[in-house]
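>
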Amino acid sequence: MKKFSLTILLLLTVVLVAACGNNNNNTAAEPSAAANEGTAATAAPAAQNSLEAVKASGKLRIGTEGTYAPFTFHDADGKLTGFDVEIAEEVSKRLGVEPEFFETQWDGIFAGMDAKRFDVIFNEVSITDERKVKYDFSDPYIVSKAVLIVGENNNDIKSFADLKGKKAGQSLTSNLSDIARKNGAEIVDTDGFNQAIDLLTSGRIDATVNDGLSYLDLKKQKPDVKIKVVDEIAEGSHSAAAFLKGNDELVKAVNDALAAMQSDGTYLKISEKYFGADVSK
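Add 115 to a position in the sequence shown, counting from 1, and you land on the number used in my numbering.
(1) Suppose the cutoff is 7 Å on Cβ atoms and the five residues either side in sequence are ignored; what does the same chain contact list for Glu-267 look like?
(2) From Lys-388 to Asp-222, what does the alpha carbon distance come to, in whole angstroms?
(3) Give the secondary structure of Ala-150 by DSSP, where H, G and I count as helix, E and B as strand, and everything else as coil.
(4) Taking Val-265 and Asp-321 to be in contact with their CB atoms under 8 Å, please state how far apart those CB atoms are, rounded to whole angstroms.
(5) Nearest to Phe-358 by CA position, among Phe-237, Ser-207, Asp-199, Thr-187, is which residue?
(6) If you reduce the DSSP assignment to three classes, tell me which class Lys-337 lands in.
(7) Let me make sure I understand the geometry here. Which of Gly-327, Lys-297, Leu-333, Glu-301 has the alpha-carbon closest to that of Asp-313?
(8) On a CA-only basis, which of Pro-338, Lys-281, Leu-291 is nearest Arg-319? Give me that one, please.
(9) Look at the alpha carbon of Glu-239 and the alpha carbon of Ser-165, and state the distance between them as a whole number of angstroms.
(10) Taking one C-beta from the stretch 364-381 and one from the stretch 163-177 each time, how about it: are there three or more such pairs within less than 8 Å?
(11) Going by DSSP in three states, Ala-356 sits in which element: helix, strand or coil?
(12) Give me the Cα-Cα distance between Pro-185 and Phe-198, rounded to the nearest whole angstrom.
(13) Could you check whether Glu-215 and Ile-257 sit closer than 8 Å to each other, using their CB atoms as the reference points?
(14) Need the endpoints of the alpha helix (DSSP H) that Gln-377 sits in, please.
(15) Does the beta-carbon of Ser-329 have 16 or more other beta-carbons within 10 angstroms, so that it is buried, or is it exposed?
(16) Sort Val-394, Ala-355, Ser-207, Ile-242 by Cα distance to Lys-174 and report the nearest one.
(17) Go through its chain and collect everything with a Cβ distance to Gly-351's Cβ below 7 Å, but skip five positions before and after it.
(18) Does DSSP classify Asn-268 as helix, strand or coil?
(19) Should Ser-274 and Asp-346 be called a contact, given that it needs their Cβ atoms to be closer than 8 Å?
(20) May I have a chain-ordered list of the beta strand (DSSP E) segments no shorter than 3 residues that lie completely inside the stretch 281-316?
(21) I'd like the span of the beta strand (DSSP E) that includes Glu-215, first residue to last.
(22) Considering just the uninterrupted stretch of the alpha helix (DSSP H) at Leu-175, what are its terminal residues?
(23) Would you verify that the beta carbon of Val-200 is, or is not, closer than 8 Å to some beta carbon of chain B?
(24) Secondary structure at Lys-208, three-state DSSP: helix, strand or coil?
(25) Under three-state DSSP, which class holds Arg-319?
(26) Between Ser-241 and Ala-356, is the Cβ-Cβ spacing less than 8 Å?
Quick look at the structure:
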């Protein structure tokens with residue numbers, strides 16, 4: 116009887132040991148799986164932000180026209196240059212990447228941005244409420260004001276109010292013509308700035324309301340042209356670099372570069388090269 120009881124006891128002991136062994140194996144397997152999941156999660160690469168992507172590529176892709184002097188055009192040797200081009204080149208340098216320009220007609224430049232053909236547009240892009248719905252902008256780096264231009268010897272017109280009854284050469288679809296019209300001018304249709312200046316210097320019109328930057332560029336190229344500015348609109352049009360929304364890191368980096376260029380005099384040097392003045396304000 117004792118022998119039979121001992122045999123049963125030994126069998127029960129074997130079963131219990133085996134059961135305990137199975138529980139230990141299951142418990143050990145669960146942390147191992149969790150550890151594997153943690154390793155896999157650590158190994159997954161994080162998505163690059165917009166600035167990191169640009170730096171990883173080594174290039175800043177820039178949309179520009181290449182046909183809009185003095186902002187973006189080709190010089191006598193065929194090299195792409197201009198105010199906006201040099202600003203973009205300097206920004207790229209400060210980001211530690213190479214500028215890569217994609218020349219695109221104005222009518223298609225925002226479509227190119229939408230298709231992500233480039234990272235940014237440097238092309239004298241005015242900041243408007245309509246554009247801000249879809250695009251982000253850097254801090255403004257150039258301001259254009261409407262100015263009243265007359266012949267060098269004209270002493271009758273000293274302000275916009277003096278345009279009443281005078282002939283003003285204007286592009287009919289330009290908002291600049293609205294300024295002349297509201298001040299009582301007789302509008303003479305022109306094809307643009309250059310024709311307006313030709314009519315003015317030949318005495319066929321009395322004045323033109325036009326872009327202050329175009330005036331500065333002309334005086335830089337032809338300082339002897341016999342015209343002068345007698346009045347300007349205080350509220351200017353601000354232009355900046357344009358980006359697709361969601362590129363916050365890249366926008367901040369460009370803003371930092373522009374601010375540094377202002378601080379160390381690089382911006383002023385480029386501005387005076389093309390306009391003979393500081394056009395940031």
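We put the beta carbon where it would ideally sit given N, CA and C, even for glycine.
According to the data block:
(1) Lys-341, Ile-342, Lys-343
(2) 28 Å
(3) For Ala-150, the pLDDT reaches just 46, beneath the cut-off of 50, and the residue's location in the model is therefore unreliable, leaving the point undetermined.
(4) About 7 Å separates the two Cβ atoms, so the contact holds.
(5) Phe-237
(6) coil
(7) Leu-333
(8) Nearest to Arg-319 by C-alpha distance, out of Pro-338, Lys-281, Leu-291, is Lys-281.
(9) 23 Å
(10) A contact exists between the stretch 364-381 and the stretch 163-177.
(11) Here Ala-356 sits in strand by DSSP.
(12) 6 Å
(13) no
(14) Note, Gln-377: alpha helix (DSSP H), 363-379.
(15) buried
(16) Ser-207
(17) So the list reads Val-258, Ser-259, Lys-260, once near-sequence residues are dropped.
(18) Correct three-state label for Asn-268: coil.
(19) yes
(20) 282-285, 301-304
(21) 213-218
(22) Counting along the chain, Leu-175 falls outside any alpha helix (DSSP H), though it belongs to the beta strand (DSSP E) covering 174-179.
(23) Absent from the structure: chain B. Only one protein chain is present.
(24) helix
(25) coil
(26) no
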